[in-house]
Amino acid sequence: MAKFIAKPVKSSLPSPEDVLEVQLSNGITILARSNFNSPAISFGGYLPAGAIFESDEKLGLADFVATSLMRGTQTRTFDAIYNELESVGASLGFDSGVHNTNFGGRALVEDLPLLLELLAESLQTPTFPADEVERLRTQLLTGLALREQDTSDMADLIFEQMLYDVHPYGRPGDGYIETIRSITRKDMKEFHRRHFGPRGMVLAIVGAIHPKKAVEEVERYLGSWQVSGQKEAPPLPPLKPIRKTKKRHHTIKGKAQSDLIVGVIGPTRKSPDFMAASLGNSVLGQFGMMGRIGDVVRERSGLAYYAYSSLHAGTGPGSWEVIAGVNPANVGRALGLIEKELSRFVKSGVTKEELADSQANYVGRLPLSLESNNGVIGAILNIHRYDLGMDYYQRYESLVRSVTRDDVAAVARKYIDLERLVIATAGP
Amino acid sequence: MKKPVTQVTLKNGMKIMLKEIHTAPIISSWIWYRVGSRDEPTGKTGISHWTEHMMFKGTKKFPSKVLDKAISRDGGRWNASTSRDSTRYYETMPADKIDLALHLESDRMQNSIFDKKEVESERTVIISEREGSENEPTFRLSEAVQHAAFRVHPYHHEIIGDKADLRSITRDDLYNHYRTYYVPGNAVLSIAGDFETKSMLKRIRDLYEPIPSGPKPTRLIRPEPEQHGELRLAVEGPGETAFTQIAYRFPNATHSDYFPLQVLESLLNGASGLSYKTARLYRALVDREFAVDVSGWSEATIDPYLYRITITHRPDRKPEKAVAVLDDEIKKLQDDLVPDEEIQRAVKQARAVFAYGSENITHQAFWMGYTEMFSDYSWYTNYLKKLAKVTPKDVQRVAQIYFQPRSRVIGSYVPKGKGA
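Residue numbers (my numbering), protein chains in the order written: chain Y, 122 to 549; chain G, -6 to 413.
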C-alpha cells in the first residue's frame, strides 16, 4: 500500500480527557464533549420511563405518552412548539423502549437555549390536550393498520412473541389496535406523573460548545426539576426457556415478498460473552456483504436482496437473529440454507482468518462511526448505560483483539441450539 | 481556513474534484458515471442499476470476495446507488487506507468481469429487491404515477426496472452498457477528507490517466411533450389505508425557477430532512383532521421532473375532501403574496440542514460529484445565496405557472382490505 498520503492518525475517539461527566443534584447525569467542526449541536438521552411499566391492557401507553409530550405544554401549543423548532431548522423528538423513554435533538448552536427550553417543557409540563391526543390516536391506529400489512414488521412481532413469550420483551412497544383505543388521557397523565422525573435521566450533548458551558446550559433548564416518589422499575422476570423449535407463519395476502426471521436468545450487553458473540455475529451475517449468510443466501443462491444476521444486546436478554426477505416460493429453501449455516457456525465456529477480518473491521471502522455528533452521542450513552468506562475506546482494540476462536465457538454453542430455534415468517 | 475545491480534468476527459477537510482521519472517494435509468430504452429498463450490482462481482485483480474483504478489513464503508441521471460508487476509509479505493475504482472502470453465472444469480436478487418494494402500497402508487407522467421521456420507468426486462436482459446487454458508459470522459471523481491535494492528484493521475478515453457515449434524449389536461389513475391493493399522490411538473435543477420552487416546496412541506408539522399542508390537512399525514419531495434532475405530494388518508374521511383542501392551499399561494418572513424561515432551515451535513465527510464528497451530474459545484456553494434572493413575487409567479391542474397527475391507492 502506498504511503503517499498517510498522516499521523488524529484521535477522534471519546476519552475521559474530553468527555465531561457531571451529575446534577436532582440526579440527572450529563455527558458533554465539544466538536467545533460544524456550527451545530446535538443531544440525546433517556430517562427510565419505558414500556416495562405498562399493563397488558394498555400496551403502547409509554409510546403514546412519549409521542404526546410535544403536543402541548402548560406554556405552548403543539403548533407553537413546532413553529419555534422548524423556524430555526432544529429538531426534537421522543420515543420509548421497554426500559426508557428516549429523546434526541439538534440545532445550530445559537439555538441551543431554545432547544433545551423545549426539551425541559416537554418533559416537565406536558398537558396532553384532548384534541391533540385524539388526532395522534388516529395516526397511531393508521400506523398499526400499516404494520399489519408489513411483512417485515409482522415477522418481527411474532418472532418476539415466540422468543420472549410473556416476558416484557415479547410485547410490541407500539401496542395493538384495541390497546391504543383503550388508553385514556387520564392513563397518560398518570403514567407521566409516576414515571417521569430527573432520577436516572442521562443526557449526552456534543457540538460547537465547550463542555463546561454545555453542562451549565443543561443545568439552567433542567437543574431545578424535582419529582417526589418517582417509581423504580420492576425487575425483569425470568425467561421461559425454549424447549423445542417453534415455528409460526403470519399470512398477509397480496404480497410479493415474504420476510423470515430465525433466532435465539442472545447475551446482554454487559455479559462477558458480548464481544465474542458480536464478532461471531459479524462473521455469520455482517462482515462485508453480510457475512456467511449474505454469501450463501444472496451471492451464491440469488434468493434475496437482503439476508443478514443481527445481535441485539441491551439491558436484559437480547436476541440473535438471521433475517431475510425472499420470494414466497423460496421461503423453505432459504430457511434450509440458514439452518445449515447456523449448524456449521455452531459445529466449527469461525476460521482464524474470518475472525481476524472482523477484528480488523471493528477497530478500523471506529473513526467513521464516531465522525458525526450523533455517532459520538450514541457511543457515550452506551458507555454510560452499560458501565463500560469512559476509557472504553482506549481499551477497545485490546478487547476486540483478545477474543479467540475458542471464545466464539463457545458462545455459538452456548446460545444457538439447532433444536431450539424460533422461526417466524410473514407473507402470502 | 477552508481550502477551496480543486477541479482538474485529466487528459482522457475524466473530471477530478478534491476538497481537503482535516477534521477527522477519514477520506471519502466517490466516482460518478453519467448514466442512469433515463438512458434506458424500452426493453432494457433497470440495466443501469443491474450494472451497478455487477460492479461488485470483481475483476481479475480484485475478485469479488477479495475486494469486499479488503475494504471491510480496513474499516471502510462502501456502497453504490443508481439514480435517474447517474450511477455512483463510494468508499469512505481511514485516511491512510484510501489508496485501496482509488486503485480498485480505476481497475473496475476497465476490467469488471460480468461472469454469466453471476449475472444469473444477480437477476433473481434484483427481482427480489423489486418484490420487496412491491410490498409497499406507496411504491405501487408512485410507480403508476410516474408511468402516467412520462409517456415519452425515459423518466417514465422506475430505476429498478420492469420485471419483463429484468427477466430478459442478457449478460451481453449488461456488458455493453458497462463498456459504453464506464469510460473516463463520462466519469467524475470527487474526494473529500484528510489528504494533501498535491500528492492525491499525483496518485490519481498515475492510476486514471493511462485509461484510454474511448468514444463519448451519447445520452438518450426524448423530451416529454406538454401535458394537456389532468390525468387521474387508481391502483388497487391489499390493506386498509388509502393514499393519494399528486405530481406536479417541476423544471430541471438549473432552471431559473428552481430556487423559487424550492422555497415554495419548503412552505408547503417543510425543509428536506426536518420535521414539517408547521408546513402549510400539514397544518391544513393533518391539524384540521382531513388526513393522517402529508409529505412532499422533488429531485434535482437534468430534465424536468416531478414534485410529488403524498397524502395518507384518515379512515373516517373521504380522500377527495383532502385533495380539495390541498387545492385551496395552492390557490392561496397563487392569489396572495407570502410574507417575507416565511422566505427567511426557509433560508434559515436550509442553513441548518447544510450545517448538519458538514459534520460528515462522506456527505461533503457526495455533494461535489452529485451537483456535477446536473449542474456544477457552484450550484451547491451558491444554494443559500440563491434561496435568499427569492422574493414573494417569485413564489407567487411559480405557484401560478407550475401548480396548474391541467399539468398534474393524481393517483389513488384504493385499499381492498386484508383479504385482497
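Note that beta-carbon positions come from the ideal geometry of N, C-alpha and C, so glycine has one too. Just so it is clear, the structure is predicted and the values come from calculations on it, not from any experiment.
Practice task
Helix, strand or coil for Y:Pro247, going by three-state DSSP, please let me know.
Solution key: strand
Practice task
For my contact list, Y:Glu242 and Y:Arg192 are in at a C-beta cut-off of 8 Å; report their separation, rounded to the angstrom.
Solution key: No, Y:Glu242 and Y:Arg192 are not in contact; Cβ-Cβ is about 12 Å, not under 8 Å.
Exercise for the section: Please state if the CB of Y:Gly318 and the CB of Y:Val287 are separated by a distance shorter than 7 Å. Expected result: no
Problem - Cβ-Cβ distance between Y:His316 and Y:Phe174 below 7 Å - result: Closer than 7 Å, so yes.
Handout entry: DSSP beta-bridge partners of Y:His316
Key = Answer is none; Y:His316 lacks a bridge partner.
Problem - Terminal residues of the alpha helix (DSSP H) in which G:Lys411 lies - result: Run containing G:Lys411: none; DSSP gives neither H nor E here.
Exercise for the section: Find out if the Cβ-Cβ distance for the pair G:Ala315, G:Ala339 is shorter than 7 Å. Expected result: no
Problem - Chain-ordered residues of the region 191 to 209 of chain Y with a beta carbon less than 8 Å from chain G - result: Under the 8 Å Cβ criterion, the region 191 to 209 of chain Y contributes Phe199, Asp200, Tyr203, Asn204, Leu206, Glu207, Ser208, Val209.
Handout entry: Proximity test, Cβ basis, 7 Å: Y:Asn223 and chain G
Key = Proximity of Y:Asn223 to chain G, defined by a Cβ-Cβ separation below 7 Å, is not satisfied.
Practice task
Identify whether G:Phe347 lies in helix, strand or coil by the three-state DSSP scheme.
Solution key: Of the three classes helix, strand and coil, the one that applies to G:Phe347 here is helix, per DSSP.
Exercise for the section: Tell whether a beta-carbon distance below 7 Å holds between G:Val145 and G:Arg215. Expected result: yes
Practice task
Count the other CB atoms, across all protein chains shown, that sit within 10 Å of the CB of Y:Gln378; report buried if there are 16 or more and exposed otherwise.
Solution key: buried
Practice task
List the residues of chain G that Y:Met410 touches, going by C-beta distances under 8 Å, in chain order.
Solution key: Phe49, Asp61
Exercise for the section: Mind checking which residues open and close the alpha helix (DSSP H) that includes Y:Trp346? Expected result: DSSP places Y:Trp346 outside any alpha helix (DSSP H), giving it a letter other than H or E.
Problem - Residue of Y:Ala187, Y:Lys376, Y:Arg421, Y:Val209 minimising C-alpha distance to Y:Ser273 - result: Y:Lys376
Problem - Selection of the region 335 to 349 of chain G by Cβ proximity to chain Y, strictly under 7 Å - result: Arg338, Lys341, Gln342, Arg344, Ala345, Val346, Ala348, Tyr349
Handout entry: Bridge-paired residues (DSSP) for Y:Asp380
Key = Paired residue(s): Y:Gly446, Y:Ala547.
Handout entry: Within chain G, the residues that Y:Pro160 reaches when beta carbons sit closer than 7 Å
Key = Here the neighbours are Ala348.
Problem - Same chain only: Cβ atoms within 8 Å of Y:Val140, ignoring 5 sequence neighbours per side - result: Leu152, Ala153, Arg154, Pro332, Ile501, Met511
Handout entry: Start and end residues, beta strand (DSSP E) containing G:Asn72
Key = 70 to 75
Practice task
Indicate whether the contact test is met: 3 or more Cβ pairs, each with one atom in the region 233 to 246 of chain G and one in the region 302 to 318 of chain G, closer than 8 Å.
Solution key: Verdict: yes, contact present.
Handout entry: contact_flag[the region 75 to 83 of chain G, the region 41 to 60 of chain G] where n(CB pairs < 8 Å) is 3 or more
Key = yes
Practice task
Could you please give the first and the last residue of the uninterrupted alpha helix (DSSP H) stretch that includes Y:Ser464?
Solution key: 452 to 469
Problem - C-beta neighbour in chain G for Y:Pro488, strict 7 Å - result: Output row for Y:Pro488: interface = yes.
Practice task
Quick one: using the 10 Å Cβ neighbour count with 16 as the cut-off for buried, is Y:Val130 buried or exposed?
Solution key: Here the model assigns Y:Val130 a pLDDT of 38, short of 50, so the residue's position is not dependable and the matter cannot be decided.
Exercise for the section: Report yes or no: is there a C-beta of chain G within less than 7 Å of the C-beta of Y:Tyr426? Expected result: yes
Problem - Per-residue contacts from G:Asn353 into chain Y (C-beta, under 8 Å) - result: Glu492, Ser493
Practice task
Please go through the same chain and pick out, in chain order, the residues whose beta-carbon is closer than 6 Å to the beta-carbon of G:Tyr269, but skip the five residues on each side of it.
Solution key: Asn262, Gly263, Tyr275
Practice task
Using three-state DSSP, classify G:Leu380 as helix, strand or coil.
Solution key: helix
Exercise for the section: Figure out for me which residue from G:Ile24, G:Tyr363, G:Thr355, G:Asp165 has the closest Cα to the Cα of G:Tyr201. Expected result: Out of G:Ile24, G:Tyr363, G:Thr355, G:Asp165, G:Ile24 has the C-alpha closest to the C-alpha of G:Tyr201.
Handout entry: Coil, strand or helix - Y:Glu269 by DSSP
Key = Here Y:Glu269 sits in helix by DSSP.
Exercise for the section: Determine, using beta-carbon pairs with one atom in the region 520 to 528 of chain Y and one in the region 332 to 346 of chain Y, whether at least three such pairs fall under 8 Å. Expected result: Taking 8 Å as the limit for Cβ pairs, the verdict is that the region 332 to 346 of chain Y does not touch the region 520 to 528 of chain Y.
Problem - Closer than 7 Å to chain Y by CB, G:Thr16 - result: yes
Practice task
Give a yes or no on whether 7 Å exceeds the smallest Cβ distance from Y:Asp478 to chain G.
Solution key: yes
Handout entry: Rounded separation between G:Lys54 and G:Asp100 - CA only
Key = 8 Å
Exercise for the section: Given a cut-off of 7 Å, decide if G:Pro297 and G:Asn245 are closer than it, judged by their beta-carbon atoms. Expected result: yes
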